[in-house]
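Student: Starting off with a structure, shown below.
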Amino acid sequence: MTSFDLGTLDPGDAYKLITGVVQPRPIAWVSTLSSSGRRNLAPFSFFTIASRAPVMLFLSIGETSRPGHGQKDTLSNVLATGELVVNIVSEPLLESMVRSSAEVPAEIDEFDYAGVEAAACDVVAPPRVAQARVALECRTEETRRWGSDTGVLARVLRMHTADGIVDERFHIDSAALRPVARLAGATYSVEQVMIPSPPVPDWDPVA
Ligand SMILES: Cc1cc2nc3c(=O)[nH]c(=O)nc-3n(C[C@H](O)[C@H](O)[C@H](O)COP(=O)(O)O)c2cc1C
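Per my numbering, numbering of the sequence shown is gapless, rising by one per residue and ending at 397.
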């Protein structure tokens, strides 16, 4: 075994290690509006479910790599408006999602830049990505800085699903959704090898 002391390792190397082992990661493709109404879109793979009732999501936003630019626009917008939409990236949207990850100036409309259409939401002001097969309208519950990143806890208010994605028993058809996940570095996965779960045995305290 090789062991690493993450307390003393260079942060860039620690980032490579941790993002290489915590994978595949789902991607929140987040749409927000600035306080002046500019549309912003950016992907975040530090993303998971934080609570099931109420349904809350968690995502983590790091510092911008552009010196002197301050916060990423998504964080500025979330702090200013408290609203965001988490769009799920299906395979046909991979290229647009990657394009939207460019750190472009806040004045640029990132729906136009990424080449995607916007659709109005029901209860939040930011638009969703019209082509996304699933979109989740969210309102911020809490934001908190942890280390180099800021965590955003967001309550899901509405879920939009394209036809054929969910059945009457609320089961999502993964093959129809084909969600893109981030792997190590700049690599992605879409094909899921689905294997049935082995049976979970009942716990028998006597045995
Ligand atoms: C697939 C993917 C996942 C990403 N995940 C994160 C993440 O979890 N946290 C983060 O701070 N940046 C992440 N990034 C980088 C941001 O998307 C990038 O910094 C973006 O320009 C931020 O945009 P904004 O300034 O408009 O908010 C990711 C990029 C890609 C391509």
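For every residue, glycine included, the Cβ atom is placed at its ideal position computed from N, Cα and C.
What's the gap between the Cα of V313 and the Cα of L284?
Tutor: Rounded to whole angstroms, V313 to L284 spans 27 Å at the Cα level.
Student: Tell me the residue span of the alpha helix (DSSP H) that contains T192.
Tutor: Run containing T192: none; DSSP gives neither H nor E here.
Student: Output the distance between the C-alpha atoms of V383 and S226, rounded to the nearest integer angstrom.
Tutor: Each residue's alpha carbon lies about 44 Å from the other.
Student: Enumerate, from N- to C-terminal direction, the unbroken beta strand (DSSP E) stretches of 3 or more residues contained entirely within the segment 299-351.
Tutor: Runs of the beta strand (DSSP E) inside the segment 299-351: 324-336 and 339-351.
Student: Of all the options V275, V212, R334 and G210, which has the alpha carbon lying nearest to the alpha carbon of R345?
Tutor: Residue V275 is the option with its Cα nearest to R345.
Student: When the Cα of R242 is compared with those of L347, A352 and P386, which residue comes out closest?
Tutor: Looking at the Cα atoms, L347 is the closest of the given residues.
Student: Could you tell me which residues DSSP puts in a beta bridge with M287?
Tutor: None; M287 has no bridge partner.
Student: Between which two residues does the alpha helix (DSSP H) containing A270 stretch?
Tutor: Run containing A270: D263 to T271, per the alpha helix (DSSP H) assignment.
Student: Would A352 pass as a contact of V324 if the rule is Cβ separation under 9 Å?
Tutor: Cβ distance < 9 Å, so A352 and V324 count as in contact.
Student: Between the segment 369-380 and the segment 293-303, can you find at least three pairs of beta-carbon atoms closer than 8 Å?
Tutor: No, the segment 293-303 is not in contact with the segment 369-380.
Student: Less than 9 Å between the C-beta atoms of S266 and W219, yes or no?
Tutor: Against a cut-off of 9 Å, the Cβ pair of W219 and S266 comes out as no contact.
Student: Give me, in chain order, the residues of the same chain whose beta-carbon lies closer than 6 Å to that of G354; leave out the 5 immediate sequence neighbours on both sides.
Tutor: Excluding residues within five positions, the ones whose Cβ falls inside 6 Å are A366.
Student: Just grab the DSSP bridge partners of R242 for me.
Tutor: DSSP output for R242 lists V245 as bridge partner(s).
Student: For P201, tell me which candidate among D357, G252 and Y303 has the shortest Cα-Cα distance.
Tutor: Cα-wise, what sits closest to P201 is G252.
Student: According to DSSP, is T209 part of a helix, a strand, or is it coil?
Tutor: The answer is helix: DSSP assigns T209 an H, G or I state.
Student: Measuring only the C-alpha atoms, how far is G305 from L231?
Tutor: Rounded to the nearest angstrom, the two C-alpha atoms are 11 Å apart.
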